[in-house]
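Below: one structure, written as structure tokens.
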Amino acid sequence: MTPLADLLARRIAATGPIRLSDYMAECLLHPDHGYYATRDPLGRGGDFTTAPEISQMFGELLGLALAQTWLDHGAPAPFALAEPGPGRGTLMADIWRATRGVPGFHAAAHIHLIEASPVLRAAQARALPSAPVTWHDTLDTLPDAPLFLVANEFFDALPIRQFTRAGAGWRETVVGLKDGRLTPGQTDAVPLAELAHRLADTRDGEIVETCPAARPAMQAIEARIAARGGAAIIVDYGGWHSLGDTFQAIVNHRFADPFAHPGQADLTAHVDFEALALAAPGLTHGALVTQGDLLQALGIEARAARLAQSLTGAALEQHLAAYRRLTDAAEMGSLFKALALVAPGASLPPGFSPAPPAEALE
Ligand code: SAH
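The numbering of the sequence shown is the numbering used here, which starts it at 751 and goes up by one.
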């Protein structure tokens, strides 16, 4: 048993089963035993890797897309360049390097990183040694300024609640004890107002997930962009609508039982992009686009060819593999999606098109 499993088992024995969201929050962020609180999980030596760790092209293209949006919106100064869940700081470092030639951009920008993990804050500081950076615990303390924000694999790390349809009600997944071991179970079915809109598109026994912490995060983004302007680009795996059990654990690049290694496995769930858009009704969002299509629209092919010119042998092979990994439908290209949000009437970032009527929430 991990130390956190022991702690949670004692808590559950004393006060009863806990929600999946409480379990996930403790596993990821418990100050002494939480997964992110105690380690740098990224990269080859860690448990998983992410798009910015795979290739510099990801950050370069997103950085230039943000900078172009900033220019299209009249180059407001000063502005907040923000990223929740910045990991090792690689994405922001690539954005910062790629945008240095954009006139006025660096002079007007102050970087705001929202990070819960002390270990990763230290890595971010090393990645951005000479940039102006302020760290935050949550998005609520972002300044009252135009906001240009990018998030990659942040929302998938926020704790979820999981519900199984039962008649007109829902059973909630909870974590209890069986023979002293942490075991998932379900509550009795109750009707839930917040899931009333899912009764029309689900059947008995189907699972939907909600992410309570995503709502305040989206509201903080909405408040700044609606009042002061800016844009948010959110990249993650998931889809327009949550359906099915997507709660998963990764240990050492492999799937694992999410209840077997509390505090020592990365726990995530697919992102419900519709719920993110619904939480920010004061903003306009573009059509959900796949990561592959977005990167192609932003010119990854030309950038990849340019970088390939100075590479040979194994380095060239690795570069081409990274390009395929980011864009290929069989790899990250279609599982990962991007959503852009701007103030009503403002232009969307390059690579995004207006949402079709089915995705327009009005
Ligand atoms: N964006 C990075 C890292 C993704 S991992 C990349 O693409 O490589 C998820 C990141 O979110 C980590 O930095 C983790 O510490 C952070 N994180 C997770 N939950 C958080 C929370 N509730 N508040 C702030 N940061 C959080």
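By construction, the Cβ of each residue, glycine as well, lies at the ideal position given by its N, Cα and C atoms.
Computed from a predicted model, the values in this text were never measured in an experiment.
No beta strand (DSSP E) of 3 residues or more sits fully in the region 794-820.
Excluding residues up to 5 positions away in sequence, nothing lies with its Cβ nearer than 6 Å to the Cβ of residue 757 in the same chain.
A buried status is given to residue 867, since no fewer than 16 other beta-carbon atoms sit within 10 Å of its beta-carbon. Around the beta carbon of residue 1087, a 10 Å sphere encloses 16 or more other beta carbons of the protein chains shown; the residue is thus reported as buried. Residue 1007 is not a Cβ neighbour of residue 798, given a cutoff of 8 Å.
For residue 855, the uninterrupted alpha helix (DSSP H) run begins and ends at 855-858, by DSSP. By the Cβ-count criterion, residue 1062 is exposed, with fewer than 16 other Cβ atoms from all chains shown falling within 10 Å of its own Cβ.
Within the region 871-935, the runs of beta strand (DSSP E) at least 3 residues long that lie entirely inside it are, in chain order, 883-886, 897-902, 911-916 and 919-928. Taking 8 Å as the cut-off, the beta carbon of residue 1101 is found closer than this to the beta carbon of residue 815.
Exposure of residue 1005 is indicated by the presence of fewer than 16 other C-beta atoms within 10 angstroms of its C-beta. Of all alpha-carbon atoms in 877, 986, 1073 and 962, the one lying nearest the alpha-carbon of residue 1028 is that of 962. For the set 926, 847 and 973, the Cα lying nearest the Cα of residue 890 is the one of 973. Boundaries for residue 789: no alpha helix (DSSP H) harbours it, and the DSSP string shows neither H nor E there. The beta carbon of residue 1105 lies closer than 7 Å to those of 1035, 1036 and 1037 in the same chain, with the five residues before and after it left out. For residue 877, the closest alpha carbon among the candidates 900, 851, 847 and 852 is that of 847. For residue 1032, same chain residues with a beta-carbon under 6 Å away, outside a window of 5 residues either side, are 972 and 976 in chain order. Per the DSSP secondary-structure output, residue 986 pairs in a beta bridge with 1087. When the five nearest sequence neighbours on each side are left out, the beta carbons in the same chain lying within less than 6 Å of the beta carbon of residue 1000 are those of 797, 798 and 1016, in order along the chain.
Between residue 966 and residue 905, the alpha-carbon positions lie close to 12 Å from each other. Looking only at 863, 833, 842 and 825, the smallest Cα-Cα distance to residue 854 is reached by 825. Counting other Cβ atoms within 10 Å of its Cβ, residue 1078 stays below 16 and is therefore classed as exposed.
Per DSSP, residue 767 lies in no alpha helix (DSSP H) and is assigned neither H nor E. The beta carbon of residue 1053 sits closer than 8 Å to those of 807, 810 and 811, all from its chain and outside the five residues before and after it, given in chain order.
Judged by DSSP in its simplified three-state form, residue 865 adopts coil rather than helix or strand.
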